[in-house]
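Using my numbering, read the sequence shown as starting at 32 and increasing by one per residue.
All residues carry an ideal CB built from backbone N, CA and C; glycine is no exception.
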Amino acid sequence: MTAARPVSEECDDAQLIVESHQDPEIFATLFDRYADDIHRYAARRVGTEHADDIVAETFLVAFRRRTSYDTTRRMARPWLYGIATNLLARHRREEERLYRALQRTGVDPLPESMDNAVVARVAAQSHQRALAAALAGLKPRDRDTLLLLAWGGLTYEEVAEALDVPTGTVRSRIHRARKKTREALAATTDLIEGD
């Protein structure tokens, strides 16, 4: 049994994927690089109880499809987020249920660190229910696009790559989603200020 060749941190994702054709264990480096980010994204979308499954399935699908990966794309991040987003489509009902629960109760069911929780809750408490309602009311493709940008931290170009749509389509979906979200938050502000 030969020892696996150490992989340089500077090695780009495309090179890792190509090398994983001969040495499948190298693919684990992609998991190490991106699993935590994809887990956070999935947890925000469908809750922590399903996020582990989404991450595992994302990397299983990616591993199985690695021979068809477009190696001109040096970073696999958008590809992996695209796979995760497609898998999340199966959990849309759960995602909408989380948003509706947040809308009703105003309590975010997802745990987060105390420093983030305190700052975020103080800043957004009055708008949280309206935001949850706005997210639940978005068309799934608009919600996917917005959340890849906001929670996934992808650029417009990476979102386009992840969803396999033109960047212009991403821009119009983001515009539409932000408009609906702003309208929901403005309505809440009007209600709060009217009290």
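In this model, Cys42 and Arg95 are separated by some 21 Å (Cα to Cα).
The shortest C-alpha to C-alpha distance from Glu188 to any of Thr198, Leu194, Leu179, Asn117 is the one to Thr198.
With a cutoff of 8 Å on beta-carbon distance, Ala215 and Leu162 are scored as near each other. A Cβ-Cβ contact shorter than 8 Å links Val190 with Leu180.
For Val49, the closest alpha carbon among the candidates Thr102, His206, Thr116 is that of Thr102. Contact between Thr89 and Ala115 holds, with the beta-carbon distance rounding to 4 Å and staying under 8 Å. Taking a C-beta distance under 8 Å as the contact criterion, Asp44 and Arg105 qualify as a contact pair. Inter-residue distance for Gly113 and Ala217 is about 31 Å (C-alpha atoms, whole angstroms).
Contact between the region 66-81 and the region 114-129 is present, with at least three C-beta pairs closer than 8 Å. DSSP places Glu56 outside any alpha helix (DSSP H), giving it a letter other than H or E. In the structure shown, Asp83 falls within a helical segment according to DSSP collapsed to helix, strand and coil. Taking Arg123 as the centre and dropping the five residues before and after it, the same chain places the C-beta of Pro171 closer than 8 Å to its C-beta, in chain order.
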